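Chains as they are written, first to last, in the working numbering: chain A, 1 to 332; chain B, 1 to 332.
Below you'll find the structure, written out as structure tokens, and then a few comments.
The following block contains the structure:
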């Protein structure tokens, strides 16, 4: 395995730089924190030593995932929850996981603009992360960025994702508490169920509760929650209504998030979820490495050749995959 | 590697059964086709011999992907396009990729109900596929189901997916032509851009064109399409308006789909896309096998142990992944 030469300091200096940056970040230095997150996002060569250094400092932050279809007001709810947490004085991190698009020339700034109310608060660290190009969506960089914010002393980290489907399941695997947000008139709750996202919700939020159709959305969600199989002592997702723009329902939502956090602790689910999260994280890194081998050294030309034969109907994809796996097991 | 014993016939009979089923399916027997797709969906032991047998029969079907947020009317557009294709007399397959949810007790039937107009047409094969549990979403079963429909003689296969984000990119990698569908008032085109899905569109469709906001949606999409970098001779995604319920705009859309198909042929992009599709397919199968090894034989208990140490901050996830990869390269 070759090692990319970092544009900055060498290995030894790098360790010292990282240690210094972590200390600064813990003291509240946003620039040091931002540089550490960038290092994670770029998958820099220093990533491994950084993660090694951070490991003993992690495991303290509470991670809240917020998800839902585009347009339901995730960012506004996130902003309102940040305010609620800051009222208690704790440091808060926000990761807005933002797919980039060539149509927009990069991650859109809308979310950050909407959270401008917190832009000048040194106790709030807000970061947009692009998922494009990261194998497996959230699975690569976001958990590492979470570790950075955790180690830097953020008591709560809010992870907001755009999209419906796979991304939600991934957020849920990262978060201690997952909020699924819907809005009236954005397609009904059936559509949310259809997208398979209700099942990952610890708390369901009907935002824009002043809009027409809010009560119908609540009723539909209630029906669907009641239909889910659930064991004795399991958490039953409450359905909260908010109008994040006016702030209505936000303190009740924050209380419910706290209640879920307490339940996680008393039920033993907090540790169980965190072990599951670590399993996911380790597996994702291992698979990415194996995938690199499959697409990598011996695979490049070989994969093109195999793909040509599969496209021509000369070979089936399973037989082709067998050849690749054999090569990956040798290579590395 | 142990081999699951099939509930049905043994290996030798199985090959004969598959050959017979393929022949029946090619003659238009929907039940034989359905059983072959089930075999793919269940990842049965016979999957490999089936795919080997089908390989030389594949590569003829035109694959059209339809995607967009929940509620934009994908199923209705799909149904209308099926009718347009059937007008030309060709056999049509529909794969509705449908995440299942414990809230609904399985794949929702809504789509199928909406396509009931075609339910009794023997020239149309409609199938809902659940993606849950399939590693990498669409990457596992859907391409194999496509191969089955292709080999069975469907001239066109429409693949409809729910969701925004990763799933769309996967559909685009499967399809010859990808339609991204938006609707007025479902969140504006900016939200679609935010979800990163515009970039995979070969054709953009504003459905429910009779609704308020349709012209704004067209205008926003036009702006975003014009902003995308594009080379000389590249395809510029047209923006079509439809009202799939009334049928308005559907024949124009079908013509545009044909025009894109012609362009794919004349530009050489058709072969290029199909080779890329084969590369994705092979890689996905290979990665699934490697992932099985990582989570599998030596990994099970080892992964739990590593996860416990990572959760406790004793180990960083990269170091843990190294141990797993080493084990996976030995195992198999």
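Even for Gly, the Cβ is constructed at its ideal location relative to N, Cα and C.
Quick caveat: nothing in here was measured; it's all calculated off a predicted structure.
Could you check whether residue 317 of chain A and residue 310 of chain A sit closer than 8 Å to each other, using their CB atoms as the reference points?
Counting from one through the first chain, the residue named residue 310 of chain A turns up at place 310. Counting from one through the first chain, the residue named residue 317 of chain A turns up at place 317. For residue 310 of chain A and residue 317 of chain A, yes; Cβs fall inside 8 Å.
Where residue 74 of chain A meets chain B, residues with beta-carbon distance less than 7 Å
On the first chain, residue 74 of chain A is found 74 positions in, with the first residue counted as 1. None at all; the shortest Cβ gap to chain B is about 11 Å.
Look at the alpha carbon of residue 24 of chain A and the alpha carbon of residue 308 of chain B, and state the distance between them as a whole number of angstroms.
For the purposes of this step, residue 24 of chain A is identified with residue 24 of the first chain, where counting begins at 1. For the purposes of this step, residue 308 of chain B is identified with residue 308 of the second chain, where counting begins at 1. Their backbone Cα atoms lie some 29 Å apart in a straight line.
Any chain A beta carbon closer than 8 Å to residue 242 of chain B:
For the purposes of this step, residue 242 of chain B is taken as the residue at position 242 of the second chain. False, the Cβ-Cβ gap to chain A never drops below 8 Å.
Which residues of the segment 39-53 of chain A have a Cβ closer than 7 Å to any Cβ of chain B? Give them in chain order.
48, 51 and 52
Where does residue 319 of chain B sit, in a helix, a strand or coil, going by DSSP?
Here residue 319 of chain B refers to the residue found at position 319 of the second chain. DSSP places residue 319 of chain B in helix when its eight states are reduced to three.
CB contact below 8 Å: residue 216 of chain B versus chain A
Position 216 of the second chain, counting from 1, holds the residue named residue 216 of chain B. Not closer than 8 Å to any Cβ of chain A, the Cβ of residue 216 of chain B fails to qualify, so no.
Name the chain A residues whose beta carbon is nearer than 9 Å to that of residue 285 of chain B?
Numbered from its first residue, the second chain carries residue 285 of chain B at position 285. Within 9 Å Cβ-Cβ: 317, 318, 320, 321, 322, 324 and 325.
Here's the rule I'm using: 16 or more other beta-carbon atoms within 10 Å means buried, otherwise exposed. How should residue 93 of chain A be labelled?
Taking the first chain and counting its residues from 1, the one referred to as residue 93 of chain A is at position 93. It is buried - the Cβ of residue 93 of chain A has at least 16 other Cβ atoms within 10 Å.
Which residue from B:278, B:254 and B:59 puts its Cα closest to that of residue 66 of chain B?
Start at 1 with the first residue of the second chain, and residue 66 of chain B comes out as number 66. The shortest Cα separation from residue 66 of chain B among B:278, B:254 and B:59 belongs to B:254.
Between the segment 303-315 of chain B and chain A, which residues of the former have a C-beta closer than 9 Å to a C-beta of the latter?
303, 304, 306, 307, 308, 309, 310, 311, 312, 313, 314 and 315
Kindly list the residues whose CB is nearer than 8 Å to the CB of residue 59 of chain A, restricted to its own chain and excluding five residues on each side of it in sequence; keep chain order.
Residue numbering aside, residue 59 of chain A sits at position 59 when the first chain is read from its first letter. Closer than 8 Å at Cβ, skipping near neighbours: 150 and 274.
With 16 as the cutoff for other CB atoms within 10 Å, does residue 265 of chain A come out buried or exposed?
Position 265 of the first chain, counted from the first residue, corresponds to residue 265 of chain A. Residue 265 of chain A should be labelled exposed.
Which residues of chain A have a Cβ atom closer than 9 Å to the Cβ of residue 281 of chain B, listed in chain order?
On the second chain, position 281 is the one that residue 281 of chain B refers to. Residues of chain A passing the Cβ test: 307, 310, 317, 320 and 321.
Where does residue 333 of chain B land, buried or exposed, given buried means 16+ other C-beta within 10 angstroms?
Look at the range of chain B in this structure, 1 to 332, and you will see that residue 333 of chain B is not part of it.
Classify residue 215 of chain B: buried if its beta carbon has 16 or more other beta carbons within 10 angstroms, exposed otherwise.
The residue you call residue 215 of chain B lines up with position 215 of the second chain. Counting other Cβ atoms within 10 Å of its Cβ, residue 215 of chain B stays below 16 and is therefore classed as exposed.
In chain B, what lies closer than 7 Å to residue 28 of chain A by C-beta?
By 1-based counting over the first chain, the position of residue 28 of chain A is 28. By Cβ distance, chain B contributes nothing, its closest Cβ being about 22 Å from residue 28 of chain A, past 7 Å.
Distance cutoff 8 Å, beta carbons only. Does residue 178 of chain A sit that close to anything in chain B?
Taking the first chain and counting its residues from 1, one reaches residue 178 of chain A at position 178. Chain B contact via Cβ: absent.
Per DSSP, the bridge partner or partners of residue 178 of chain A
Position 178 of the first chain, counting from 1, holds the residue named residue 178 of chain A. Answer is A:65.
So, does the CB of residue 14 of chain A fall closer than 8 Å to a CB anywhere in chain B?
Here the question's residue 14 of chain A lines up with position 14 in the first chain. So, not an interface residue.
Note down, in chain order, every chain A residue with its Cβ under 9 Å from the Cβ of residue 237 of chain B.
Position 237 of the second chain, counted from the first residue, corresponds to residue 237 of chain B. Within 9 Å Cβ-Cβ: nothing; residue 237 of chain B doesn't reach chain A, min ~10 Å.
What is the residue span of the beta strand (DSSP E) that residue 94 of chain B lies within?
Translated into the one-based positions of the second chain, residue 94 of chain B becomes position 94. From DSSP, the beta strand (DSSP E) with residue 94 of chain B extends over 92-97.
Give me the Cβ distance between residue 244 of chain A and residue 73 of chain A, rounded to the nearest whole Å; I'm assuming they're in contact under 8 Å.
Residue numbering aside, residue 244 of chain A sits at position 244 when the first chain is read from its first letter. Residue numbering aside, residue 73 of chain A sits at position 73 when the first chain is read from its first letter. Indeed they touch by this definition, with Cβ atoms about 5 Å apart.
Would residue 58 of chain A pass as an interface residue toward chain B - the criterion being a Cβ-Cβ separation below 8 Å?
Locating residue 58 of chain A in the first chain gives position 58, counting from the first residue. Chain B, which has a Cβ nearer than 8 Å to the Cβ of residue 58 of chain A, makes this yes.
Classify residue 107 of chain B: buried if its beta carbon has 16 or more other beta carbons within 10 angstroms, exposed otherwise.
The count along the second chain starts at 1 and reaches residue 107 of chain B at position 107. Any reading at residue 107 of chain B is ruled out, since the residue's pLDDT is 40, under 50, leaving its predicted position unreliable.
Interface residues of chain B around residue 289 of chain A at Cβ under 7 Å?
Residue numbering aside, residue 289 of chain A sits at position 289 when the first chain is read from its first letter. Correct list: 321 and 325.
Would you say residue 274 of chain B reaches chain A, if we count a Cβ-Cβ gap shorter than 8 Å as a contact?
Start at 1 with the first residue of the second chain, and residue 274 of chain B comes out as number 274. Chain A, which has a Cβ nearer than 8 Å to the Cβ of residue 274 of chain B, makes this yes.
Is the Cβ of residue 83 of chain B closer than 8 Å to any Cβ of chain A?
Numbered from its first residue, the second chain carries residue 83 of chain B at position 83. No, residue 83 of chain B lies away from the interface with chain A (no Cβ there is under 8 Å from its Cβ).
Can you give me the Cβ contacts of residue 269 of chain A inside the same chain, cut-off strictly under 8 Å, excluding the 5 residues immediately before and after it?
For the purposes of this step, residue 269 of chain A is taken as the residue at position 269 of the first chain. Once the five neighbours on either side are set aside, the close Cβ partners of residue 269 of chain A are 235 and 263.
How long is the line joining the alpha carbons of residue 303 of chain B and residue 64 of chain A, rounded to whole angstroms?
Indexing the second chain from 1 puts residue 303 of chain B at position 303. Indexing the first chain from 1 puts residue 64 of chain A at position 64. The alpha-carbon atoms of residue 303 of chain B and residue 64 of chain A are separated by roughly 25 Å.
Is it buried or exposed, residue 220 of chain B, if we count other Cβ atoms within 10 angstroms and call 16 or more buried?
Looking up residue 220 of chain B in the second chain gives position 220. Buried, by the Cβ-count rule.
Determine the DSSP secondary structure at residue 23 of chain B, reduced to helix, strand or coil.
By 1-based counting over the second chain, the position of residue 23 of chain B is 23. DSSP places residue 23 of chain B in helix when its eight states are reduced to three.
Assign residue 249 of chain A to one of two classes, buried (16 or more other C-beta atoms within 10 Å of its C-beta) or exposed (fewer than that).
Along the first chain, one-based indexing puts residue 249 of chain A at 249. In this structure residue 249 of chain A is buried. Its beta-carbon is surrounded by 16 or more other beta-carbon atoms within 10 angstroms.
State the DSSP-derived secondary structure class of residue 248 of chain B, mapped to helix, strand or coil.
If you number the second chain from 1, residue 248 of chain B lands on position 248. In this structure, residue 248 of chain B counts as strand in the three-state DSSP scheme.
Are residue 156 of chain B and residue 85 of chain B close, meaning C-beta to C-beta below 8 Å?
Here residue 156 of chain B refers to the residue found at position 156 of the second chain. Here residue 85 of chain B refers to the residue found at position 85 of the second chain. In this structure, residue 85 of chain B lies closer than 8 Å to residue 156 of chain B by Cβ.
Along the alpha helix (DSSP H) that carries residue 146 of chain B, what are the first and last residues, could you check?
Taking the second chain and counting its residues from 1, one reaches residue 146 of chain B at position 146. Looking at the DSSP string, the run of the alpha helix (DSSP H) that includes residue 146 of chain B is 141-151.
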